[in-house]
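Those letters in the sequence shown? Residues 1 to 184, by the UniProt record's numbering.
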Amino acid sequence: MANPDERLIPLESKTKLTKRGLLGYLDLINVYINKSLAWIAGISLLLMVFVVVANAVSREVYKPFIGTTELVGWLAAIALAFGLGFTQLQQGYVEIDALVEHFSPLLQRIIKSIMLFLSACFFFMVSWKMVSYAINVAENGNVSETMKIPFYPLIYLVALGFTGLTLALFVDFVKEVVGRAGDE
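Below, the structure written as structure tokens:
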């Protein structure tokens, strides 16, 4: 398990430009993409607050906005999906290693590598299926219930968030296999 204080180090200092090579470039791309998605997730959270407050004010003054629930739900989906990869970068997840910590360091690395690889494969399939679902929704012409807006672009955006997580997991897997997982 990583030292909790290491998570507080800015991402820029974790990925040094001197660490070139394929893994270095892959890591830089990973950080750039997932940090950008995290910024968009933060903006989505702010927009959610703005929409809810504006709706509450308009309810008192005149009448509430139509489709507030849909809009807040879409923004929540974007915030959640776009924050996944950044959470993986920061190791901001719960890691239960009560059993694994009793194994040898080599076996721990092997198990972690397998879990990272399987997780990357799983979330790649999730992304892929979400894209195929978005294509299906677009072809069927499905629209949202209240605002009557096509929502397949939202599904593409959520798939993009899962793709960011897939990339982060894959980079962590490669680092673990190469033995540079602690080279942050």
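Think of the CB as a built atom: it goes at the ideal place given N, C-alpha and C, for glycine as much as any other residue.
Where the alpha helix (DSSP H) containing residue 23 begins and where it ends = As a position in the sequence shown, residue 23 is number 23, starting the count at 1. Looking at the DSSP string, the run of the alpha helix (DSSP H) that includes residue 23 is 21-61.
Sorted by chain position, which residues of the same chain lie with C-beta nearer than 8 Å to residue 54's C-beta, five sequence neighbours on each side aside?
-> Translated into the one-based positions of the sequence shown, residue 54 becomes position 54. Contacts found: 65.
Residue 72 to residue 63, Cα distance in whole Å?
-> As a working note, residue 72 is residue 72 in the sequence shown. As a working note, residue 63 is residue 63 in the sequence shown. Approximately 17 Å between the Cα atoms of the pair.
Option nearest residue 98 by Cα separation, candidates 108, 36, 39 = Numbered from 1 along the sequence shown, position 98 holds the residue referred to as residue 98. In this structure, 108 is the residue among 108, 36, 39 with its C-alpha nearest to the C-alpha of residue 98.
How many Å lie between residue 16 and residue 140 at the Cα?
-> For this step, residue 16 is matched to residue 16 along the sequence shown. For this step, residue 140 is matched to residue 140 along the sequence shown. Here residue 16 scores only 49 on pLDDT, less than 50, and its place in the model should not be relied on; the value that follows carries that caveat. Answer to the nearest angstrom: the Cα atoms are 47 Å apart.
With distances taken between CB atoms, is the gap from residue 91 to residue 165 smaller than 8 Å?
-> Residue numbering aside, residue 91 sits at position 91 when the sequence shown is read from its first letter. Residue numbering aside, residue 165 sits at position 165 when the sequence shown is read from its first letter. For residue 91 and residue 165, no; Cβs fall outside 8 Å.
DSSP-derived helix/strand/coil call for residue 137 = One-based indexing of the sequence shown puts residue 137 at position 137. In the structure shown, residue 137 sits in a helix (DSSP, three-state: H, G or I).
Assign residue 81 to buried or exposed, taking buried as 16 or more other Cβ atoms, counted over all protein chains shown, within 10 Å of its Cβ.
-> Walking along the sequence shown from the start, residue 81 turns up at place 81. Its Cβ being crowded by 16 or more others within 10 Å, residue 81 is buried.
C-alpha gap between residue 158 and residue 76, whole angstroms = Sequence index remark: in the sequence shown, residue 158 carries index 158 (1-based). Sequence index remark: in the sequence shown, residue 76 carries index 76 (1-based). Straight-line Cα distance between these residues: approximately 10 Å.
Residues of its chain near residue 172, where Cβ-Cβ distance is below 6 Å and the 5 sequence neighbours each way are ignored | Numbered from 1 along the sequence shown, position 172 holds the residue referred to as residue 172. The answer, listed in chain order, is 116.
Residue 4: buried (16+ other C-beta within 10 angstroms of its C-beta) or exposed?
-> Counted from its first residue, the sequence shown places residue 4 at position 4. Summary for residue 4: the model assigns pLDDT 47, below 50, so the residue's position carries little reliability; its value from the coordinates is reported in the next sentence. Residue 4 comes out exposed.
Which same chain residues, not among the five before or five after residue 13, have their C-beta less than 6 Å away from its C-beta?
-> Counting from one through the sequence shown, the residue named residue 13 turns up at place 13. Its pLDDT being 49, under 50, residue 13 is placed unreliably in this model, and the value from its coordinates should be taken loosely. Answer for residue 13: no residue qualifies.
Looking at C-alpha atoms only, which residue of 170, 21, 177, 175 is the closest neighbour of residue 85?
-> Position 85 of the sequence shown, counted from the start, is the residue given in the question as residue 85. Here the closest residue by C-alpha is 170.
Note down the Cα distance separating residue 83 from residue 36, rounded to an integer number of angstroms.
-> Translated into the one-based positions of the sequence shown, residue 83 becomes position 83. Translated into the one-based positions of the sequence shown, residue 36 becomes position 36. Distance between the alpha carbons of residue 83 and residue 36: 10 Å.
Enumerate, from N- to C-terminal direction, the unbroken beta strand (DSSP E) stretches of 3 or more residues contained entirely within the segment 91-156.
-> None, since the segment 91-156 contains no complete beta strand (DSSP E) of that length.
For residue 176, count neighbouring Cβ atoms within 10 angstroms of its own Cβ and tell me buried if that reaches 16, exposed if not.
-> As a working mapping, residue 176 is identified with position 176 in the sequence shown. A residue is called buried once 16 or more other Cβ atoms fall within 10 Å of its Cβ, and residue 176 is buried on that count.
What whole-angstrom Cβ distance do residue 147 and residue 70 have, given they're in contact under 8 Å?
-> Translated into the one-based positions of the sequence shown, residue 147 becomes position 147. Translated into the one-based positions of the sequence shown, residue 70 becomes position 70. 6 Å between Cβ atoms; contact.
Coarse secondary structure for residue 179, derived from DSSP in three states = One-based indexing of the sequence shown puts residue 179 at position 179. The answer is coil: DSSP assigns residue 179 none of H, G, I, E or B.
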